[in-house]
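Participant:
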DNA sequence: TTAAATTCCTGTAAGC
DNA sequence: TGCTTACAGGAATTTA
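Numbering (the working numbering), first residue to last: 24 to 287.
#1: Below 8 Å, can you find three or more Cβ-Cβ pairs linking the stretch 128-147 to the stretch 94-112?
#2: Taking residue 175 as part of the beta strand (DSSP E), name the residues at either end of that continuous run.
#3: Mind checking which residues open and close the alpha helix (DSSP H) that includes residue 51?
#4: Within 10 angstroms of the Cβ of residue 174, are there 16 or more other Cβ atoms? Answer buried if so, exposed if not.
#5: Using 8 Å for Cβ pairs, my map puts residue 11 next to residue 239. What's the rounded Cβ distance?
#6: Count the CB pairs spanning the stretch 200-218 and the stretch 270-279 that are closer than 8 Å, and state whether there are at least three.
#7: Going by DSSP in three states, residue 211 sits in which element: helix, strand or coil?
#8: Taking the alpha-carbon of residue 82 as reference, which of 52, 230, 27 and 214 has the nearest alpha-carbon?
#9: Please state whether DSSP places residue 82 in a helix, a strand or coil.
#10: One question on the structure: do residue 93 and residue 147 come within less than 8 Å of each other, judged by their Cβ atoms?
#11: Around the C-beta of residue 241, are 16 or more other C-beta atoms found within 10 angstroms, so that it is buried, or is it exposed?
#12: Does the stretch 63-78 come close enough to the stretch 41-48 to have 3 or more Cβ pairs within less than 8 Å?
#13: Can we say the stretch 254-267 touches the stretch 151-162, given the rule of at least three CB pairs closer than 8 Å?
#14: What's the call for residue 122, buried or exposed, on a 16-neighbour Cβ count within 10 Å?
#15: Restricting to runs no shorter than 3 residues, where is the beta strand (DSSP E) found entirely within the stretch 67-126?
#16: Got a sec? Which residues, its chain only, sit under 7 Å from residue 286 by beta carbon, not counting five neighbours each side?
#17: I need the boundaries of the alpha helix (DSSP H) containing residue 145, first residue and last residue.
#18: Less than 7 Å between C-beta atoms, sequence neighbours within five positions excluded: which residues of the same chain meet that for residue 248?
#19: State buried or exposed for residue 232, treating a residue as buried only when at least 16 other CB atoms are found within 10 Å of its CB.
#20: Roughly how many whole angstroms lie between the Cα atoms of residue 36 and residue 126?
#21: Once you ignore the five residues that flank residue 124 on each side, which residues in its own chain have a CB closer than 6 Å to its CB?
#22: Alpha carbon to alpha carbon, what distance is there between residue 270 and residue 118?
#23: Check whether the Cβ atoms of residue 31 and residue 78 lie closer than 8 Å to each other.
#24: Name the one or two DSSP bridge partners that residue 139 has.
#25: Would you call the CB atoms of residue 274 and residue 168 closer than 8 Å?
#26: Just mark residue 260 as buried or exposed, buried being the case when its beta carbon has 16 or more other beta carbons within 10 Å.
#27: Residue 104 and residue 130 - do their beta-carbons sit closer together than 8 Å?
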């Protein structure tokens, strides 16, 4: 599922491939989005030239001068580049296509959790921004009783972490996902800060993580490499050699995996 | 203010 | 084998 490193990987590819190209065609293939895209936001792009792509957290924005189009991949969304013309009806789960005269950008989203258009929500800092510091974590967690993992995945606290990178960062920092955030000690905040930056940087460097066949692929259709560096996510035994445990209760309504030996 | 629960959806896995 | 059920996930929304 796309988290910050995956979205950043997509952003870099699209910026390289599409900047300077002019949008010639918009094909909305399935009008049955969970949140239907404002048609005008899409069709208004016709004739505009792409000036770049930006990313905030897991949100991606296509920039075309004054106009922009916000995209979120949800959990199964994929942006695919093809040399085929738009309008191929045999592509399954294709929600819309943007034609660039010879190149086509497809938004394919089987589970329809993806979003198109609309404003960006409020975010916490980017993990690789200088504003993200151990002191920031201390202030953000002050007095909070919620599980640390829930806060790490709260985009309003810190932008870009999802289940995979939060799980990995907590393992590397030796902190159990169920710990109340406000009770972390200074040394733990420091190693957590370091661990978050490490997994995000590695995730970007390795072009995201592709954990199974249906998982993330970049716009060329290429898998990422971070799955080979994963220590506990999706594994039965941790990279530490210990067998992993699940928290009794889900955290932020999803199961949380940890190493009962290494994570205190 | 915070936090927990609910909702969207469908491919996959597990259970019978 | 075929059917049913449970589950997974991110974020907006609702409820406590």
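For each residue, glycine too, the CB sits at the ideal point set by N, CA and C.
Facilitator: According to the data block:
#1: The answer is yes - the stretch 94-112 touches the stretch 128-147, with three or more Cβ pairs under 8 Å.
#2: Note, residue 175: premise wrong, no beta strand (DSSP E); alpha helix (DSSP H) at 171-175.
#3: Where residue 51 is concerned, there is no enclosing alpha helix (DSSP H), although the beta strand (DSSP E) it sits in stretches over 48-51.
#4: Buried: at least 16 other Cβ atoms inside 10 Å.
#5: Here the chain comprises residues numbered 24 to 287, so residue 11 is not present and cannot be evaluated.
#6: Touching, per the Cβ criterion.
#7: Helix at residue 211.
#8: In terms of CA proximity to residue 82, 27 leads the group 52, 230, 27 and 214.
#9: Of the three classes helix, strand and coil, the one that applies to residue 82 here is strand, per DSSP.
#10: Judged by beta-carbon spacing, residue 147 lies beyond the 8 Å limit of residue 93, meaning their Cβ atoms are not closer than that value.
#11: Burial state of residue 241 is buried, judged by a 10 Å Cβ sphere holding 16 or more other Cβ atoms.
#12: The stretch 63-78 is in contact with the stretch 41-48.
#13: The stretch 254-267 is not in contact with the stretch 151-162.
#14: So residue 122 counts as buried.
#15: The stretch 67-126 contains, as complete beta strand (DSSP E) runs of 3+ residues, the segments 75-79, 82-87, 90-95, 101-105 and 117-122 (chain order).
#16: 193, 194, 197, 198 and 199, listed in sequence order.
#17: Unbroken run through residue 145: none, as it is neither H nor E.
#18: By the criterion of a C-beta distance shorter than 7 Å, residue 248 is surrounded in its chain by 229 and 230, once the five residues flanking it on both sides are discounted.
#19: Residue 232 comes out buried.
#20: Rounded to whole angstroms, residue 36 to residue 126 spans 13 Å at the Cα level.
#21: For residue 124, where only same-chain residues beyond five positions count, the Cβ hits under 6 Å are 47.
#22: When rounded, the distance between both Cα atoms is 36 Å.
#23: Contact: yes.
#24: According to DSSP, which records beta bridges pairwise, residue 139 is partnered with 94.
#25: Contact flag unset, no.
#26: Classification for residue 260: exposed.
#27: Contact: no.
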